[in-house]
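Undergrad: Can you read through this structure? Questions will come right after.
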Amino acid sequence: MPLLTRLINLPFGGKTPFAAEVWYVNKHARRDQRWGTKTPIPLLDPVYNYPVNARAYGRWGLRVVDARLFLTQIVGTLKTYTTDQIYEHFIALIVQNLSDRLAKYLVDRGVSILQVNAKLNELSALVLEGIRPEFDRYGLEAISFNVESVSLPEAEQQRLQEILGKRLEIDQIGQARLGQAYVTMRSFDAIDKAAENPGGAGGAILNAGLGAGLGLGAGLAAGQQIGNAVVQGVNPPAAAPPADDVTAKLAKLKQLLDSGLITQEDYDKKKAQLLDTL
0 MPLLTRLINL
10 PFGGKTPFAA
20 EVWYVNKHAR
30 RDQRWGTKTP
40 IPLLDPVYNY
50 PVNARAYGRW
60 GLRVVDARLF
70 LTQIVGTLKT
80 YTTDQIYEHF
90 IALIVQNLSD
100 RLAKYLVDRG
110 VSILQVNAKL
120 NELSALVLEG
130 IRPEFDRYGL
140 EAISFNVESV
150 SLPEAEQQRL
160 QEILGKRLEI
170 DQIGQARLGQ
180 AYVTMRSFDA
190 IDKAAENPGG
200 AGGAILNAGL
210 GAGLGLGAGL
220 AAGQQIGNAV
230 VQGVNPPAAA
240 PPADDVTAKL
250 AKLKQLLDSG
260 LITQEDYDKK
270 KAQLLDTL
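Take 0 as the starting number for the sequence shown in numbering that gives the first Met the number 0 and just add one per residue.
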């Protein structure tokens, strides 16, 4: 009805007062959209207490579930709104959520950044759970999210590996010292029994133990000497050891206490036993 339209628009300068816009919204799911961190994510590795700068990338998928909400919240008054603009907006939300979730995940699980690539499925599920409410506010549904890789600069990864190597060396040294302490304590157990029977082979054990010099590195040698004394069945005289000999043994016992190889309780017990032999 062109004539009727012109008559209606005549009071309005020939233009219709009933302007309308038509928007077409594609509700098909879009999968396998790529995302990635443009700048590194600063983190503190909770295992090695070392600051790192992590990068990550992966894929995600979305679809429009509420066209009206999508238009009012995203498009607004813009005449056009490209898909790339929408993606940029939501990738920023994804990276922000990933940064928070990754930092919390490392601390809560006690996991090093070097180990996180073995737990990407769990991390991806946590991030997807976090971004869904954000997408819902815009009439969208986050249908998938995957973290494909979390990486570090080569220099930082090498530094963490060096720290790991040094920690393993320290652990091995600690285990060796623990073994020495165990041998030393077993030697003192033998000395306890020797004190109960000073006239037999026990007396030889007592003399072989502290008399051999139980310092930090002498525990194993002392244990061997004690073992030899037991096997050979040495029967020393039942006379009490000289005061100077007891003094030397007390000094060695104090060295063990200062080195942390025996406790204060062990020290007091052995000291009393030595003093009883005077």
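Glycine included, C-beta positions come from ideal geometry on N, C-alpha and C.
Per DSSP, which residues does E140 bridge with? Please list them.
TA: Bridge partners of E140: R62.
Undergrad: On the DSSP bridge list, what partners appear for S148?
TA: Answer is Y56.
Undergrad: Tell me whether the beta-carbon of S150 lies closer than 7 Å to the beta-carbon of R54.
TA: In contact: S150 and R54 (Cβ atoms closer than 7 Å).
Undergrad: Beta-carbon within less than 8 Å of H27's beta-carbon, same chain only, minus the 5 sequence neighbours each way: which residues are those?
TA: The answer, listed in chain order, is R62.
Undergrad: What did DSSP end up calling Y49 once you bin it into helix, strand or coil?
TA: Y49: strand per DSSP, three-state reduction.
Undergrad: How is the beta strand (DSSP E) around P41 delimited, first residue to last?
TA: Taken as a continuous stretch (DSSP letters only), the beta strand (DSSP E) holding P41 covers I40 to D44.
Undergrad: Counting pairs of Cβ atoms below 8 Å between the stretch 94-112 and the stretch 32-47, do you hit three or more?
TA: Yes, the stretch 94-112 is in contact with the stretch 32-47.
Undergrad: Quickly, what does DSSP pair V33 with across the bridge? List them, please.
TA: The sequence as given places Arg at residue 33; Val does not occur at that position. Partner(s): R58.
Undergrad: Between G60 and I142, how many whole angstroms is the CB-CB distance? I'm expecting something under 8 Å.
TA: Indeed they touch by this definition, with Cβ atoms about 5 Å apart.
Undergrad: Closest to V64 by CA distance: which of L139, L159, V245 and L70 is it?
TA: The candidate whose alpha carbon is nearest that of V64 is L139.
Undergrad: Buried or exposed: which applies to K268, given that a residue is buried once 16 or more other Cβ atoms fall within 10 Å of its Cβ?
TA: Result: exposed.
Undergrad: Have a look at R58 and I261 and give me their C-alpha separation to the nearest angstrom.
TA: Approximately 57 Å between the Cα atoms of the pair.
Undergrad: Between W34 and I93, how many whole angstroms is the CB-CB distance? I'm expecting something under 8 Å.
TA: Contact flag correct, Cβ pair sits at about 5 Å.
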